[in-house]
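Each remark here refers to the structure printed beneath this line.
Numbering (our numbering), first residue to last: 2 to 303.
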């Protein structure tokens, strides 16, 4: 059973859906490309846009906060009171580069709506997701003047470049960011009609391998049969990273990997994709990976 306050918020969001979309379009038009120094002003503009928007909704302590790189947009609403939980919503306003030559059918920074979808760089990573949370809070505040929980927004501008300044920022502002739960507003839904609470995100481990060959430029026709080509050596190295069953062959790689529990596997199984569904959604003709794990386990928790 939903509360009257929640019903009012839903009604407000439906009534103002077109306004919400147009506001999101404004944010999507800002080419906030964090990896390109030429867009430094756009990064500032996107952070300022978010701050002004949160301020206009009645949030408090709204700031564009500097870091050693791109700024953080912060805002909070603590009107639920100290006896209510506080939710910290994380998101990012930066995007990766996008050009028509990359295969776009429309201009990436000019939003286009088609068949109920918005096509623009950042629409789903991550301006769209974080804006949903901002609009959810607005729907509560504008419809009833209150919300069931306190909310803080931490919106960074460096996620697409590995967030080099996020940890220092958090350490510097621990008290300001203190919360009971953090919602990562940068994830996906299972399908277009099925929202999801994400169980886990996969990490990343990487290394750089440098292969050195002859000190001189050798003609392949004269020396190729007796001198190993560094490119072929790299192919051989890469070929040894995986076992025939698609498990990783690097010694010790799995030593600190926490195995999935039976309870976790049962939970994941409730939302599993069939092989045919996965092939259809990705456009591939065959799946790949460690067959001892389901497709959903392979792409989420393994």
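From the three backbone atoms N, C-alpha and C, an ideal C-beta is built for every residue, glycine too.
Inspect the beta-carbon positions of residue i and residue j and report whether they are closer than 9 Å.
{"i": "residue 94", "j": "residue 33", "result": "yes"}
{"i": "residue 51", "j": "residue 184", "result": "no"}
{"i": "residue 246", "j": "residue 292", "result": "yes"}
{"i": "residue 187", "j": "residue 116", "result": "no"}
{"i": "residue 199", "j": "residue 189", "result": "yes"}
{"i": "residue 251", "j": "residue 235", "result": "no"}
{"i": "residue 176", "j": "residue 86", "result": "no"}
{"i": "residue 149", "j": "residue 7", "result": "yes"}
{"i": "residue 112", "j": "residue 25", "result": "yes"}
{"i": "residue 158", "j": "residue 18", "result": "no"}
{"i": "residue 91", "j": "residue 106", "result": "no"}
{"i": "residue 78", "j": "residue 138", "result": "yes"}
{"i": "residue 229", "j": "residue 214", "result": "yes"}
{"i": "residue 145", "j": "residue 80", "result": "no"}
Hey, out of the options, whose CA is closest to residue i's CA?
{"i": "residue 44", "options": "55, 97, 23", "result": "97"}
{"i": "residue 59", "options": "152, 181, 269, 172", "result": "152"}
{"i": "residue 56", "options": "212, 130, 154", "result": "154"}
{"i": "residue 308", "options": "162, 300, 239", "result": "Lying outside 2 to 303, the shown extent of the chain, residue 308 is not represented and no answer is given."}
{"i": "residue 254", "options": "244, 263, 262", "result": "244"}
{"i": "residue 272", "options": "195, 89, 138, 286", "result": "195"}
{"i": "residue 266", "options": "73, 237, 297, 238", "result": "297"}
{"i": "residue 70", "options": "145, 15, 258, 35", "result": "35"}
{"i": "residue 201", "options": "261, 99, 73, 15", "result": "261"}
{"i": "residue 99", "options": "259, 40, 16", "result": "40"}
{"i": "residue 42", "options": "228, 22, 72", "result": "72"}
{"i": "residue 268", "options": "221, 197, 22", "result": "197"}
Identify the continuous alpha helix (DSSP H) that holds residue i and give its terminal residues.
{"i": "residue 300", "result": "296 to 301"}
{"i": "residue 279", "result": "276 to 283"}
{"i": "residue 171", "result": "167 to 173"}
{"i": "residue 130", "result": "128 to 145"}
{"i": "residue 90", "result": "Element bounds for residue 90: not the alpha helix (DSSP H) but the beta strand (DSSP E), 87 to 93."}
Following the continuous beta strand (DSSP E) through residue i, name the residue where it begins and the one where it ends.
{"i": "residue 23", "result": "Where residue 23 is concerned, there is no enclosing beta strand (DSSP E), although the alpha helix (DSSP H) it sits in stretches over 18 to 29."}
{"i": "residue 52", "result": "Not the beta strand (DSSP E): residue 52 falls in the alpha helix (DSSP H), residues 41 to 57."}
{"i": "residue 185", "result": "182 to 185"}
{"i": "residue 156", "result": "151 to 157"}
{"i": "residue 111", "result": "Neither: residue 111 is in no beta strand (DSSP E) and is coded neither H nor E."}
{"i": "residue 74", "result": "73 to 78"}
{"i": "residue 119", "result": "118 to 120"}
Mark residue i as exposed unless 16 or more other C-beta atoms lie within 10 angstroms of its C-beta, in which case mark it buried.
{"i": "residue 104", "result": "exposed"}
{"i": "residue 295", "result": "buried"}
{"i": "residue 53", "result": "exposed"}
{"i": "residue 12", "result": "exposed"}
{"i": "residue 128", "result": "buried"}
{"i": "residue 160", "result": "buried"}
{"i": "residue 258", "result": "exposed"}
{"i": "residue 238", "result": "exposed"}
{"i": "residue 131", "result": "buried"}
{"i": "residue 89", "result": "buried"}
{"i": "residue 140", "result": "buried"}
Measuring only the C-alpha atoms, how far is residue i from residue j?
{"i": "residue 170", "j": "residue 226", "result": "55 Å"}
{"i": "residue 46", "j": "residue 31", "result": "8 Å"}
{"i": "residue 270", "j": "residue 281", "result": "19 Å"}
{"i": "residue 303", "j": "residue 224", "result": "44 Å"}
{"i": "residue 290", "j": "residue 299", "result": "7 Å"}
{"i": "residue 205", "j": "residue 114", "result": "34 Å"}
{"i": "residue 173", "j": "residue 68", "result": "10 Å"}
{"i": "residue 142", "j": "residue 212", "result": "59 Å"}
{"i": "residue 123", "j": "residue 29", "result": "6 Å"}
{"i": "residue 5", "j": "residue 22", "result": "25 Å"}
{"i": "residue 256", "j": "residue 249", "result": "12 Å"}
{"i": "residue 133", "j": "residue 164", "result": "22 Å"}
{"i": "residue 14", "j": "residue 284", "result": "35 Å"}
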